[in-house]
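Undergrad: Take a look at the following structure, please.
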Amino acid sequence: MGSTNNRILGYDFARGLAIVGMIFVNFKTVMVAEESSLLYNIVDLLSGKASALFVVLAGIGMTLMHDGAKRKNSIELVRKVKTDLRKRAAFLFVIGLSYYFIWPADILHYYGLYISIGVLFLSLNRKWLVSTSLLLIVAYSVLFPVLNYEKGWDWTIMEYTEFFTLPGFFRSLFINGFHPVIPWLAFLLTGIWVGRINFIDLKVRKKVLFISLSIYVLFKALSMVTVSVLSALSPSEATDIEYAFGTSPMPPLFFYMVTASSLAVFIISLSIYIAEKYSNTLVIKQMVSAGQLALSNYFFHVIIGMLGIQLFFGKLEHAFSIEFTVAYASVFSVVLIVFSHYWRRRFKRGPLEFLMRKITG
Numbered sequence: 007m008g009s010t011n012n013r014i015l016g017y018d019f020a021r022g023l024a025i026v027g028m029i030f031v032n033f034k035t036v037m038v039a040e041e042s043s044l045l046y047n048i049v050d051l052l053s054g055k056a057s058a059l060f061v062v063l064a065g066i067g068m069t070l071m072h073d074g075a076k077r078k079n080s081i082e083l084v085r086k087v088k089t090d091l092r093k094r095a096a097f098l099f100v101i102g103l104s105y106y107f108i109w110p111a112d113i114l115h116y117y118g119l120y121i122s123i124g125v126l127f128l129s130l131n132r133k134w135l136v137s138t139s140l141l142l143i144v145a146y147s148v149l150f151p152v153l154n155y156e157k158g159w160d161w162t163i164m165e166y167t168e169f170f171t172l173p174g175f176f177r178s179l180f181i182n183g184f185h186p187v188i189p190w191l192a193f194l195l196t197g198i199w200v201g202r203i204n205f206i207d208l209k210v211r212k213k214v215l216f217i218s219l220s221i222y223v224l225f226k227a228l229s230m231v232t233v234s235v236l237s238a239l240s241p242s243e244a245t246d247i248e249y250a251f252g253t254s255p256m257p258p259l260f261f262y263m264v265t266a267s268s269l270a271v272f273i274i275s276l277s278i279y280i281a282e283k284y285s286n287t288l289v290i291k292q293m294v295s296a297g298q299l300a301l302s303n304y305f306f307h308v309i310i311g312m313l314g315i316q317l318f319f320g321k322l323e324h325a326f327s328i329e330f331t332v333a334y335a336s337v338f339s340v341v342l343i344v345f346s347h348y349w350r351r352r353f354k355r356g357p358l359e360f361l362m363r364k365i366t367g
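Residues are numbered in this note's numbering as their position in the sequence shown, beginning at 1, plus a constant of 6.
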């Protein structure tokens with residue numbers, strides 16, 4: 007198998023990991039009644055990391071489409087790619103909102119916004135992509151004290167109560183929702199940048215692995231030290247300090263954005279290596295298939311995974327133990343991965359991927 011194919015398989019493998027990670031995090035967020043346990047904290051480590059990886063991979067996919075068209079020296083083809091991306095972005099936005107009442111923390115409608123805006127950055131050089139990403143992250147963190155992040159939220163039920171008002175809708179999308187465009191667009195721009203890296207070169211791959219892991223470890227350590235020192239100085243404000251300088255995805259401040267971005271790049275780099283080295287093993291093939299059906303699998307984990315539990319038990323939100331939820335997430339993930347593999351043996355695209363192509367061209 008050629009290097010190019012292995013490289014693409016690596017991206018699909020990483021996308022499969024992202025889907026599985028989001029299944030565990032989202033099931034935990036919705037289903038678990040008791041939050042104080044070691045197992046809960048272990049799963050919680052994935053919060054905001056799997057979804058960030060998902061968005062970074064979207065940026066990579068955009069770059070591959072755009073650069074593939076550019077290599078054919080056709081202005082019309084490049085324009086068509088951008089038009090297709092905008093159509094797909096609109097499709098994702100609508101699909102994501104279609105099941106809002108089942109899953110308010112949906113990422114697909116945000117995903118559509120990231121892509122529609124990201125099209126404007128596809129021709130930007132790598133330095134400007136990095137600069138823009140950092141600007142979004144730093145600006146959001148600096149301006150955070152005046153953003154009124156809690157406006158529109160009812161934290162007792164984790165619900166954005168003003169979502170169905172015009173100001174609340176746009177505030178949720180761009181400023182203080184589950185995955186606001188500012189600063190989450192930085193993840194997509196990171197992906198557009200990563201998509202231009204020559205991972206076929208082993209030296210480049212090792213360099214990216216080392217640098218991304220080093221950045222993650224450095225800023226994770228800085229976050230932990232900062233939280234520890236400031237909390238010791240002001241114990242009464244420990245919770246606020248944890249939010250401001252920790253790596254929780256809500257609010258998405260500096261340390262979270264930097265650690266999640268660098269970890270995503272590290273996982274993608276490692277996935278390319280794993281997919282290349284073990285491409286003929288069944289487990290890798292199955293995970294690659296799960297990544298290739300990422301859109302369908304994300305949709306299924308809500309419509310089948312969550313709604314199925316609701317219909318079977320007559321309850322869903324905060325009604326189960328962490329042990330049951332993890333066991334259910336594990337079984338559901340395995341079933342979804344196996345289903346993806348058998349589906350891909352018969353069909354080129356997943357159900358929702360096929361529908362998206364059919365509607366958007």
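We put the CB at the ideal spot given by N, CA and C, even for glycine.
Between the C-alpha atoms of Leu140 and Leu126, what's the straight-line distance to the nearest angstrom?
TA: Leu140 and Leu126: Cα-Cα distance of roughly 17 Å.
Undergrad: Can you have a look at Trp161 and say buried or exposed, based on whether 16 or more other CB atoms are within 10 angstroms of its CB?
TA: When all chains shown are included, Trp161 counts as exposed.
Undergrad: Beta-carbon within less than 6 Å of Ile328's beta-carbon, same chain only, minus the 5 sequence neighbours each way: which residues are those?
TA: Contacts found: Val38, Ser43, Leu45 and Tyr46.
Undergrad: Assuming Val264 and Ile143 are in contact, meaning their beta carbons sit under 8 Å apart, how far apart are those beta carbons, in whole angstroms?
TA: About 7 Å separates the two Cβ atoms, so the contact holds.
Undergrad: Take His72 and list the residues in its own chain whose beta-carbon comes closer than 6 Å to its own, dropping the five residues that flank it on each side.
TA: Cβ within range, chain order: Val87 and Leu128.
Undergrad: With DSSP run on the structure shown, which of helix, strand or coil describes Glu168?
TA: Coil.
Undergrad: Taking Gly356 as the reference, which of Pro241, Ile181, Lys212 and Leu301 has the closest Cα?
TA: Residue Leu301 is the option with its Cα nearest to Gly356.
Undergrad: When the Cα atoms are used, what is the spatial distance from Asn12 to Val148?
TA: Here Asn12 scores only 49 on pLDDT, less than 50, and its place in the model should not be relied on; the value that follows carries that caveat. Asn12 and Val148: Cα-Cα distance of roughly 41 Å.
Undergrad: So the candidates are Gly27, Phe97 and Ala64; which of them puts its Cα closest to the Cα of Lys364?
TA: For Lys364, the nearest C-alpha among the options comes from Phe97.
Undergrad: Tell me which residues share the same chain as Tyr262 and place their Cβ nearer than 8 Å to its Cβ, disregarding the 5 neighbours each side in the sequence.
TA: Closer than 8 Å at Cβ, skipping near neighbours: Gly54, Gly252, Thr253, Ser254 and Pro255.
Undergrad: With a CB to CB cut of under 6 Å and the five nearest residues on each side skipped, what residues in its chain are close to Val62?
TA: Around Val62: Phe193, Thr196, Gly197 and Ala270.
Undergrad: Going by other Cβ atoms of all chains shown within 10 Å of its Cβ, with 16 needed for buried, is Arg21 buried or exposed?
TA: By the 10 Å Cβ count, Arg21 comes out buried.
Undergrad: Would you call the segment 240 to 251 in contact with the segment 207 to 216, where contact means no fewer than 3 C-beta pairs closer than 8 Å?
TA: Too few Cβ pairs lie closer than 8 Å, so no.
Undergrad: Could you tell me which residues DSSP puts in a beta bridge with Trp199?
TA: Paired residues: none, contrary to the question.
Undergrad: How should Asn131 be labelled, buried or exposed, when 16 other C-beta atoms within 10 angstroms of its C-beta is the threshold for buried?
TA: Per the 10 Å Cβ criterion, exposed.
Undergrad: Grouping DSSP H, G and I as helix and E and B as strand, with all else coil, what is Phe205?
TA: Reduced to three states, the DSSP call for Phe205 is coil.
Undergrad: Have a look at Tyr222, Ser218, Leu219 and Ile247 and flag the residue whose alpha-carbon is nearest the alpha-carbon of Thr232.
TA: When only C-alpha atoms are compared, the closest one is Ile247.
Undergrad: In the structure shown, what three-state DSSP assignment does Asp381 receive?
TA: Given that the chain is displayed from residue 7 to residue 367, the structure contains no residue 381 and the question cannot be resolved.
Undergrad: Anyone know if the C-beta pair for Leu358 and Phe319 falls short of 7 Å?
TA: Going by C-beta atoms, Leu358 is not nearer than 7 Å to Phe319.
Undergrad: Nearest-angstrom Cα distance between Ala111 and Val332?
TA: Ala111 and Val332: Cα-Cα distance of roughly 19 Å.
Undergrad: Check the DSSP bridge columns for Phe326 and list the partner residues they point to.
TA: For Phe326, which the question treats as bridged, DSSP gives the partners Val38.
Undergrad: Cα separation between Met362 and Ile278?
TA: Roughly 27 Å between the two C-alpha positions.
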